[in-house]
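Presented below is the structure to which this report refers.
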Amino acid sequence: MATGGVGAVSSNHLTMETDVSRQNGVQEKTESKWVRLNVGGTYFLTTRTTLCRDPKSFLCRLCQDDPVPDLSSDTDDTGAYLIDRDPTYFGPVLNYLRHGKLVLNKDLSEEGVLEEAEFYNITSLIKTVKERIRDRDTRTAQGSLKHVYRVLQCQEEELTQMVSTMSDGWRFEQLVNIGSSYNYSNEDQCEFLCVVSKELNNTDGIPTVEPTDKAKILQERAFRLRDHRS
2 MATGGVGAVS
12 SNHLTMETDV
22 SRQNGVQEKT
32 ESKWVRLNVG
42 GTYFLTTRTT
52 LCRDPKSFLC
62 RLCQDDPVPD
72 LSSDTDDTGA
82 YLIDRDPTYF
92 GPVLNYLRHG
102 KLVLNKDLSE
112 EGVLEEAEFY
122 NITSLIKTVK
132 ERIRDRDTRT
142 AQGSLKHVYR
152 VLQCQEEELT
162 QMVSTMSDGW
172 RFEQLVNIGS
182 SYNYSNEDQC
192 EFLCVVSKEL
202 NNTDGIPTVE
212 PTDKAKILQE
222 RAFRLRDHRS
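If you count the sequence shown from 1, you need to add 1 to reach the working numbering.
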């Protein structure tokens, strides 16, 4: 009698283990189930695991066994979920979910990916794209800055006042003594070429002078003026 009781218990235990194993197998199969998407007429094949990298995203909630009613999507004849979005930009979004990196062809813009990332509500991708846009805009702004150089001619008595009153982003660069000026008084005054510069954006429409040969140009100008006055 005791043996039979133990056997019954063992049998029930084995049955329970079999049921649990079967349920786990079904669960694993469900989690790794392939999902077919029809995005704007282009088919994409991926896994449920990939789509659920972000549990709160539209794609994850879409492929659940019991999707949220307001996120439900129609399926086509092949059983693919129909999504009315641009397939060109869905590729980078899907690849990001696969390996966590944003890779863009030169013909694709970060703004286009951001639009899709916000639609699918993929939080980490939204952050990544915004950072790339910010870095890109910063590099563009830095690359568009140019130095504007101006050469001001002044007498010695005007030099201190002119340098001290520089404003609006202008700064002193170089001073070249070009000798004495013609003066009807008994005292000659030295004249100088004062070089000032300012950083401006190319879009400001102000002509710029490249600083490469700036010193050489100023020296030649100073020598010509000096020779002319001697």
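All C-beta atoms in this analysis are idealised placements derived from N, C-alpha and C, irrespective of residue type, glycine included.
Since we're looking at a predicted model, the values are computed, not measured.
Using CA atoms only, rank isn't needed, just tell me which of the options is closest to residue i.
i	options	result
cysteine 53	Ser198, Tyr97, Ile179, Cys195	Tyr97
cysteine 155	Asp138, Phe59, Val196	Val196
valine 149	Asp77, Cys64, Ser198	Ser198
glycine 180	Phe193, Tyr121, Cys61, Thr48	Phe193
glycine 110	Ile123, Arg133, Cys61, Lys102	One detail in the question is off: residue 110 reads as serine in this sequence, not glycine. Taking only the C-alpha atoms, the option nearest serine 110 is Arg133.
threonine 79	Arg37, Ile123, Asn122, Cys64	Arg37
glutamate 158	Arg137, Arg135, Leu176, Cys191	Cys191
glutamate 200	Pro56, Trp171, Gln175	Trp171
proline 56	Asn178, Thr124, Val177	Thr124
lysine 102	Thr141, Asp75, Lys128	Lys128
phenylalanine 120	Lys107, Ile84, Asp136, Ala142	Ile84
arginine 49	Glu174, Asp108, Lys34	Lys34
Does residue i come out as helix, strand or coil in the three-state DSSP assignment?
i	result
leucine 95	helix
serine 198	strand
glutamate 174	strand
isoleucine 179	strand
proline 88	helix
In terms of residue numbering, what span does the alpha helix (DSSP H) encompassing residue i cover?
i	result
threonine 76	Premise fails: threonine 76 is in no alpha helix (DSSP H) and is neither H nor E.
leucine 109	Element bounds for leucine 109: n/a, residue is neither H nor E.
Does the distance from the CB of residue i to the CB of residue j come in under 9 Å?
i	j	result
glycine 104	leucine 115	The question names glycine, but residue 104 is valine in the sequence shown. For valine 104 and leucine 115, no; Cβs fall outside 9 Å.
glycine 41	phenylalanine 91	yes
phenylalanine 45	proline 88	yes
leucine 126	valine 152	no
threonine 139	arginine 99	no
glutamate 117	arginine 86	yes
asparagine 122	tyrosine 82	no
Which residues bound the beta strand (DSSP E) around residue i?
i	result
isoleucine 84	82 to 84
_Which complete beta strand (DSSP E) runs does the stretch 33 to 64 hold, if anything under 3 residues is left out?_
35 to 40, 43 to 48, all fully within the stretch 33 to 64.
*Which full runs of the alpha helix (DSSP H) of 4+ residues lie inside the stretch 115 to 161, going along the chain?*
Here the runs fully enclosed are 124 to 144.
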